[in-house]
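Heads up, the thing below is written out as structure tokens.
2 protein chains.
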Amino acid sequence: MATLKEVADKAGVTVTTVSRMLNKPDMVHPSTIRRIQQAMRDLDYQPNEIARSLSKKMSNFIGLIVPSARNAFFAKVIESMERHITANGYKLLLCVSNHERRKEIEYFSMLRANKVAGVIIASHTQDITQSVSIDAPIISIDRIISPHISAVCSDNFSGGRMAAELLISKGCKRIAYFNGGITLKGMSASLRQQGFEQALRQQGIEPIIQSHREDRFISMKYQDIIAAFLETHADIDGAFCSNDILAAELIRYATKNGIDVPGQLRVIGYDDIDLAELYSPSITTIRQSVEDISHFVVESIVHFEDRPMPSQTIFPVQLIEREST
Amino acid sequence: MATLKEVADKAGVTVTTVSRMLNKPDMVHPSTIRRIQQAMRDLDYQPNEIARSLSKKMSNFIGLIVPSARNAFFAKVIESMERHITANGYKLLLCVSNHERRKEIEYFSMLRANKVAGVIIASHTQDITQSVSIDAPIISIDRIISPHISAVCSDNFSGGRMAAELLISKGCKRIAYFNGGITLKGMSASLRQQGFEQALRQQGIEPIIQSHREDRFISMKYQDIIAAFLETHADIDGAFCSNDILAAELIRYATKNGIDVPGQLRVIGYDDIDLAELYSPSITTIRQSVEDISHFVVESIVHFEDRPMPSQTIFPVQLIEREST
DNA sequence: CGGTTAATGTCAACCGTATGACATGTAAAA
DNA sequence: TTTTACATGTCATACGGTTGACATTAACCG
Chain L
1 MATLKEVADK AGVTVTTVSR MLNKPDMVHP STIRRIQQAM RDLDYQPNEI ARSLSKKMSN
61 FIGLIVPSAR NAFFAKVIES MERHITANGY KLLLCVSNHE RRKEIEYFSM LRANKVAGVI
121 IASHTQDITQ SVSIDAPIIS IDRIISPHIS AVCSDNFSGG RMAAELLISK GCKRIAYFNG
181 GITLKGMSAS LRQQGFEQAL RQQGIEPIIQ SHREDRFISM KYQDIIAAFL ETHADIDGAF
241 CSNDILAAEL IRYATKNGID VPGQLRVIGY DDIDLAELYS PSITTIRQSV EDISHFVVES
301 IVHFEDRPMP SQTIFPVQLI EREST
Chain X
1 MATLKEVADK AGVTVTTVSR MLNKPDMVHP STIRRIQQAM RDLDYQPNEI ARSLSKKMSN
61 FIGLIVPSAR NAFFAKVIES MERHITANGY KLLLCVSNHE RRKEIEYFSM LRANKVAGVI
121 IASHTQDITQ SVSIDAPIIS IDRIISPHIS AVCSDNFSGG RMAAELLISK GCKRIAYFNG
181 GITLKGMSAS LRQQGFEQAL RQQGIEPIIQ SHREDRFISM KYQDIIAAFL ETHADIDGAF
241 CSNDILAAEL IRYATKNGID VPGQLRVIGY DDIDLAELYS PSITTIRQSV EDISHFVVES
301 IVHFEDRPMP SQTIFPVQLI EREST
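Chains as they are written, first to last, in the working numbering: chain L, 1 to 325; chain X, 1 to 325.
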């Protein structure tokens, strides 16, 4: 690969001028710029980003740590983040933690060693800054992991309320909440539950809470868990699930066991992953605006130097009504 | 951040020794190694990967270009690749091309500028090397894009045959093939179709082929396309879909229109994404061993210098029988 | 015509690590 | 005691690009 120096020689200028053109184009005469660009084309020159990063003490990478890439919600997050990261001239370093704290810490340290411009974390770990410090902005999404780390979430509390209100308005009386996993403090799902419970109680309905110890998002045992719960609560007529996959599992169980959805049981999911629309019956759900969140998060990192970063930012959610209610 | 030099000073050795310890530990005395390690701990030292990469003219990044991150099959690919890449001490640079040739070329050029150790591409573009050259191994997965680029695929031809044979063995007589998108030369899906057609014809059954011009994997118009097709082919009793999502859409349509699956219509998908098991009825499908492919591809890149790379490698597929047949 | 300004050159240091060549010192083996 | 091997130091250069300080040149203005 050609280097800056070769380009400079070919264009009859010095490396300083070429470098200036790349970094402060205003300082260079238009005709010189053209000459240099021609030389670059001739030599098929491309700046070595590694060398640039070293010199600037900062790379163009943005690290994204997610618990899973297969889970449809995070897949959506990844795709959306990638788009915004690329649109801003940065590159995505993807890290899949599989919910393991050890891995998250390793990833953090790796990202530091690579001088990333920022880290986006959708994480399990309560406060990772206790383990690894990093000289770049860190933003957590989907949950609040520490008072020192900016968090960007969607309005889970309202999401829970909206679900409750819809079920009530449809005439449900015995309403359950299905928890997709272990409830962690600060985790978005727990706010969903709180909003949901509050709205029900305001209408004099006592929520029936299902929860279990499974901490993976996709589990082969969902059917068993659902079966066990419905055995003791056969009479529920409404269910709010903390994510769409759980909702799909519930509908699947219901269909198999001759329970009509939505006739006998109305089901609401959360996230609005592609599956929700594709399922049969299609699933009513609360959509998190992953797109808005991604846009905001990436912009925040890119303009970190210029703008202050709010410690918490909340985006609205939207009820998407489909066949399952 | 501390530098090599500071560590060396603290440990009472020179940078050369420290660098040697990091790269050729055999040359350094165990007790010296301990002293240096202690100094590193004291200073919270971490090698600057950027500087390393510059010096070595090669980074630890592996680029993965996929058309989509949301699509469940590619989500599976991403997760699997990430695991193997990380396990080998490399880092994943994720690129989502959205099927756009222009983007693929940009990504390629970006990866080159970042001196990646290798590129894995699940791509649309027929032969990207015509546009961008790169001094690193390139491997295409899921399809053959050029005679000059190693390809790693699963045995799509057999997959198609297996689907055909299952439908025949279940007694289907009027069997259709649903194509998820435009058929591109060399694309894995076209081999699936060929295997499928061949197996049917060998049994004296003429396949009914559905295909359309949609080139996105997830489209809102699948229902319309299916409806149009079934209008003129209402009598089919077996269907092989080129991917699981299409199979889900077909089942959804059938369910909505009172066609019993598998009673009146048996459906087979392809890929075995999570959805296949979750759907109701669960979907019989051909599983591609994404795990094996990922493992092989990443190992090939990591050991590129040592081993020759086969121009084509094919992994077996597996029939997963579920409720939809 | 002197003064100002814009465009570029010159020079050099720096980012943090790798590495080759060669010298030195030390301890074990002959 | 001499030889040999090993461990480390010393020195210097390279990787490719950035940047600040300052000098030079030519063109423009009043």
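Beta carbons are placed, not taken as given, at the ideal position from N, Cα and C, and that holds for glycine.
Bounds of the beta strand (DSSP E) holding Q318/L are 317-320. Where V267/L is concerned, the enclosing beta strand (DSSP E) starts and stops at 266-271. Listed along the chain, the chain X residues whose CB falls inside 7 Å of the CB of M110/L are K91. For F74/L, the enclosing alpha helix (DSSP H) starts and ends at 72-87. Relative to N88/X, the option among T325/X, E299/X, P262/X, D42/X whose CA is nearest is E299/X. Residue environment analysis places H148/X among the exposed positions, since fewer than 16 neighbouring C-beta atoms fall within 10 angstroms of its C-beta. In the assembly as shown, R143/L is a buried residue. Its beta-carbon has 16 or more other beta-carbons within 10 Å. For V77/X, the CB contacts under 6 Å within the same chain, skipping 5 residues up- and downstream, are V290 in chain order. The beta carbons of S53/L and K115/L sit about 6 Å from each other, so the pair counts as a contact at 8 Å. DSSP places Q288/X in the uninterrupted beta strand (DSSP E) bounded by 284-288. Within a 10 Å sphere around the beta-carbon of A228/X sit fewer than 16 other beta-carbons, which makes this residue exposed. The alpha-carbon separation between P310/L and L246/L amounts to approximately 33 Å. With 16 or more other Cβ atoms from the protein chains shown falling within 10 Å of its own Cβ, T285/L counts as buried.
Counting along the chain, F108/L sits inside the alpha helix (DSSP H) bounded by residues 101-113.
Distances from the CA of F178/L to each of K170/L, F73/L, R192/L, T3/L were compared; the closest alpha carbon is that of R192/L. Judged by DSSP secondary structure, Q210/L falls outside any alpha helix (DSSP H) and instead within the beta strand (DSSP E) spanning 208-210. At a Cβ-Cβ threshold of 9 Å, R35/L and G12/L count as neighbours.
Within the segment 28-56 of chain X, the residues whose Cβ lies closer than 7 Å to some Cβ of chain L are Q46, P47, N48, E49, I50, A51, S53, L54, listed in chain order.
In the DSSP assignment, F157/L falls outside any beta strand (DSSP E) and within the unbroken alpha helix (DSSP H) covering 156-169. Along the segment 238-254 of chain L, going in chain order, the ones with a CB nearer than 8 Å to a CB of chain X are I245, A248, E249, I251, R252.
In this structure P137/X is buried. Its beta-carbon is surrounded by 16 or more other beta-carbon atoms within 10 angstroms. Bridge pairing for F178/X: Q210/X, C241/X [DSSP].
If you draw a straight line from the Cα of K103/X to the Cα of T86/L, it comes to about 10 Å. Cβ contact annotation for A122/L (same chain, cutoff 6 Å, sequence separation greater than five): V66, I141, D142, in chain order. Under the DSSP assignment, V66/L falls in the beta strand (DSSP E) whose first and last residues are 61-66. Counting along the chain, the unbroken alpha helix (DSSP H) around V18/L starts and ends at 15-23. DSSP places K221/X in the coil class of the three-state scheme, outside both helix and strand.
Annotated as distal: I259/X and Y279/X, with beta-carbon spacing of 9 Å or more. Any Cβ of chain L closer than 9 Å to the Cβ of V96/X would place that residue at the interface, and such an atom is present.
Straight-line measurement puts the Cα of R322/L at about 8 Å from the Cα of E277/L. DSSP places I141/X within a strand segment (E or B) once states are collapsed to three. For L200/L, no chain X residue has a C-beta closer than 7 Å to its own C-beta; the minimum C-beta separation is roughly 28 Å.
Fewer than three pairs of CB atoms, one per stretch, sit closer than 8 Å, so the segment 293-308 of chain L makes no contact with the segment 253-267 of chain L. In this structure, F108/X sits away from S80/X, with a CB-CB distance that is not shorter than 9 Å.
Nearest neighbour of F315/L by Cα position, chosen from S324/L, D272/L, R287/L, turns out to be R287/L. For L22/X, no Cβ of chain L is located within less than 9 Å of the residue's own Cβ.
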